[in-house]
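Undergrad:
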Amino acid sequence: MLDRKVAPPVQPLASITLPAADVLLLPNGARLHILRNAAQPVIRLQAVFKAGKWYETAPSVSLLTARMLLEGTRTRTARQIADEVAFYGASLECEQGFDRATLTLYCLSRHLENLLPLFLDVLTEPTFPEVELAQLKARTIQNVRIERQKTSYLAAEQFSRNLYGPTFPYGTVFDEGKFQAVSAEQVRAFHHEFYQLSGAEVFLCGDVLPQHEQALQQTLGVTQAVGTTPTPIVNSTASAPSHDYVTVPGSLQASLRIGRLWPANSHAKTHQLQVLVKVLGGYFGSRLMKNIREDKGFTYGIYASVGPREHATSFVIGSDVNAASADAAIKEVHHELRKLQDELIPADELQTVKNYMTGKFANELSTVFEQCDKYKSIVFFNLPPDFYSDFIKQTQAVDAATLRLLAQEYLSPEYMIEVVAGPQK
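Structure follows, in structure tokens:
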């Protein structure tokens, strides 16, 4: 008979091996990465370009370029693009990030060849019509105005500015006037320079058939007019206050952001540092949650996380609290940071975190799309092929003494950037 008072046994995860990708060079020089899995008759095609915020030649031009790709080409209107995608029951979207821009197509594998001409057309022949560009600008400005009424948005924005510096690509903030001034010609020039297929990383995963490879060779392997080599427009970081306050008149809550620059994924201790962050605030049973949410009742939630990017990585603690409790909450955050520096993590707590991390990691590999996302990180961050299998080994092997040394090196409160957004003091 099942005894529900006894927890089920936990089996340690021995190892993880990502499926191998086939890497082919297309005729134009683009690299095609293929991960095969025939479990479901679906497929995902992604073309990824060095066309994110890091490479901007004008404020927000990378965002406008990505969002305008589906607004019409030389042969299709925006409505025709949407209708064709819907006819095949597919999904097509373009996303812009800090480092790269990605055009993503989801479809049934049997429809891929029918949709490839559309995919190529959107990538190579967008017209960036003036009317649609003006409408996109208006919608974006309105959305940012609404977001800037929230303390959480303002705290995150100011934290990035102070952490990286106001002229560093990761630290620049949205400027409505400069955004409105970006012209369609600037968008076209950015597209011509940074959306060259010859420089793309193409990822095809799912139920990939032999004819799909040939079709991709004939479509995405075409040679475009040659643009210049992508060159980032980067300024060095500038000094910023370590403690900052953003006033939001009338607000009843305050948003906290506390953090610092962090070692990159390529750092030798990166997996051990992830364990340390998880103990601090990386899951619902973390120390910050138990202290500031459950014990003190200052917030519904608080987290600590690492944000890896290709040119800088950040560590941040974030929470929304009652404005009257903001100073007390920061004091408790400092207490938890120092506690990790002074005391060894108990064995049972550390084992719980290790089990959580390895179990969550295994769950994140349940589909070929998720496996491809891990593989993409290896490609973009130039990581060793065994990076994720090493994650399991290092996570299981790290001890409390090592984590205390890492906390002493990286979690000192006096080296943190702190930003609070809340009501007038």
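Taking this note's numbering, the leading residue of the sequence shown gets 3, the next gets one more, and so forth.
Each residue gets a CB set at the ideal place from its N, CA and C atoms; glycine is no exception.
Quick caveat: nothing in here was measured; it's all calculated off a predicted structure.
1. Could you tell me the alpha carbon to alpha carbon distance between isoleucine 235 and serine 316, rounded to whole angstroms?
2. Counting only runs of 4+ residues fully inside the stretch 229 to 316, write out the alpha helix (DSSP H) ranges in chain order.
3. With 16 as the cutoff for other CB atoms within 10 Å, does tyrosine 417 come out buried or exposed?
4. Give the DSSP-derived three-state secondary structure of glutamine 398 in the structure shown.
5. Please list the segments of the alpha helix (DSSP H) lying wholly inside the stretch 18 to 85, counting only runs of 4 or more residues, in order along the chain.
6. Look at aspartate 297 and valine 421 and say whether their C-beta atoms are less than 8 Å apart.
7. Give the single residue among Ala22, Ser327 and Ser414 whose Cα lies nearest to the Cα of glutamine 343.
8. Which two residues bound the contiguous alpha helix (DSSP H) that contains glycine 179?
9. What's the C-alpha gap between glutamine 220 and threonine 67?
10. Taking arginine 311 as the reference, which of Leu263, Ala32 and Leu47 has the closest Cα?
11. What is the DSSP secondary structure of phenylalanine 2, reduced to helix, strand or coil?
12. When the Cα atoms are used, what is the spatial distance from leucine 339 to threonine 249?
13. Can the beta-carbon of tyrosine 172 be found less than 8 Å from the beta-carbon of tyrosine 285?
14. Where alanine 268 and phenylalanine 383 are concerned, what is the direct C-alpha to C-alpha distance, given to the nearest angstrom?
15. For a quick check, are the C-beta atoms of aspartate 123 and threonine 77 less than 8 Å apart?
16. Could you tell me how far apart the beta carbons of isoleucine 143 and phenylalanine 181 are, in whole angstroms, since I believe they sit closer than 8 Å?
17. On the criterion of 16 or more Cβ atoms from any shown chain inside 10 Å, does threonine 19 qualify as buried, or is it exposed?
18. Aspartate 209 and glutamine 48: beta carbons closer than 8 Å?
19. Proline 128 bridges to which residues according to DSSP?
20. Which stretch, first to last residue, makes up the beta strand (DSSP E) that contains leucine 110?
21. How should arginine 69 be labelled, buried or exposed, when 16 other C-beta atoms within 10 angstroms of its C-beta is the threshold for buried?
22. Once DSSP output is grouped into helix, strand and coil, what is the label at isoleucine 334?
23. Is the number of C-beta pairs between the stretch 80 to 92 and the stretch 177 to 191 that are closer than 8 Å three or more?
24. Report all residues from its chain with a CB closer than 8 Å to the CB of glutamate 115; omit the five preceding and five following residues, and keep chain order.
25. With a Cβ-Cβ cutoff of 8 Å, do phenylalanine 196 and histidine 35 count as a contact?
26. Residues in the same chain with beta-carbon distance under 7 Å from leucine 282, minus the five sequence neighbours each way, listed in chain order, please.
27. Would you say the beta carbon of serine 268 comes nearer than 7 Å to a heavy atom of the ligand NAP?
28. Assign glycine 320 to one of three DSSP states: helix, strand, or coil.
29. Fully enclosed by the stretch 144 to 173, which alpha helix (DSSP H) runs are 4 residues long or longer?
30. From what residue to what residue does the alpha helix (DSSP H) around glycine 91 run?
31. For valine 323 and glutamate 203, which I take to be in contact (beta-carbon distance under 8 Å), what is that distance rounded to the nearest angstrom?
32. What are the boundary residues of the beta strand (DSSP E) that glycine 424 is part of?
33. In its own chain, which residues sit with a C-beta less than 6 Å from the C-beta of proline 119, not counting the 5 before and 5 after it?
TA: In terms of the structure at hand:
1. For isoleucine 235, the predicted model reports a pLDDT of 47, less than 50, meaning its position is unreliable and no value from the coordinates is stated.
2. Whole alpha helix (DSSP H) segments, 4+ residues: 272 to 283.
3. That one is exposed.
4. Glutamine 398 falls in the helix class under three-state DSSP.
5. The stretch 18 to 85 contains, as complete alpha helix (DSSP H) runs of 4+ residues, the segments 63 to 70 (chain order).
6. Against a cut-off of 8 Å, the Cβ pair of valine 421 and aspartate 297 comes out as no contact.
7. When each option's Cα is compared against that of glutamine 343, the closest is Ser414.
8. Counting along the chain, the alpha helix (DSSP H) containing glycine 179 begins and ends at 178 to 183.
9. C-alpha separation (whole angstroms): 25 Å.
10. Per the Cα distances, Leu263.
11. Absent from the model: residue 2. The displayed extent of the chain is 3 to 427, so no value can be given.
12. Roughly 27 Å between the two C-alpha positions.
13. Cβ atoms of tyrosine 172 and tyrosine 285: not closer than 8 Å.
14. Inspection of the sequence shows that residue 268 is occupied by serine rather than by alanine. In this structure, the CA atom of serine 268 is about 8 Å from the CA atom of phenylalanine 383.
15. Contact flag set, yes.
16. Between phenylalanine 181 and isoleucine 143 the Cβ distance is about 7 Å, and since that is below 8 Å, they are a contact.
17. It counts as exposed.
18. The answer is no: Cβ separation not under 8 Å.
19. BP columns for proline 128 point to Thr75.
20. Leucine 110: member of the beta strand (DSSP E) spanning 103 to 110, first to last residue.
21. Its Cβ being crowded by 16 or more others within 10 Å, arginine 69 is buried.
22. One detail in the question is off: residue 334 reads as glutamate in this sequence, not isoleucine. Glutamate 334 falls in the helix class under three-state DSSP.
23. These segments do not touch.
24. Counting only residues of its own chain and dropping the five nearest sequence neighbours on each side, glutamate 115 has a CB closer than 8 Å to the CB of Gln213, His214 and Ala217.
25. Going by C-beta atoms, phenylalanine 196 is not nearer than 8 Å to histidine 35.
26. Result list for leucine 282: Ser288, Arg289, Leu290, Ala306, Glu338 and Leu342, in chain order.
27. Ligands displayed in this structure: none; no statement on the ligand NAP is therefore possible.
28. Assigned with DSSP and collapsed to three states, glycine 320 falls in strand.
29. Taking only runs of at least 4 residues, the alpha helix (DSSP H) segments lying wholly in the stretch 144 to 173 are 153 to 166.
30. Counting along the chain, no alpha helix (DSSP H) covers glycine 91, and no H or E run does either.
31. Contact flag wrong, Cβ pair sits at about 41 Å.
32. Residues 419 to 424.
33. In the same chain as proline 119, and ignoring 5 residues on each side of it, no C-beta atom comes closer than 6 Å to its own.
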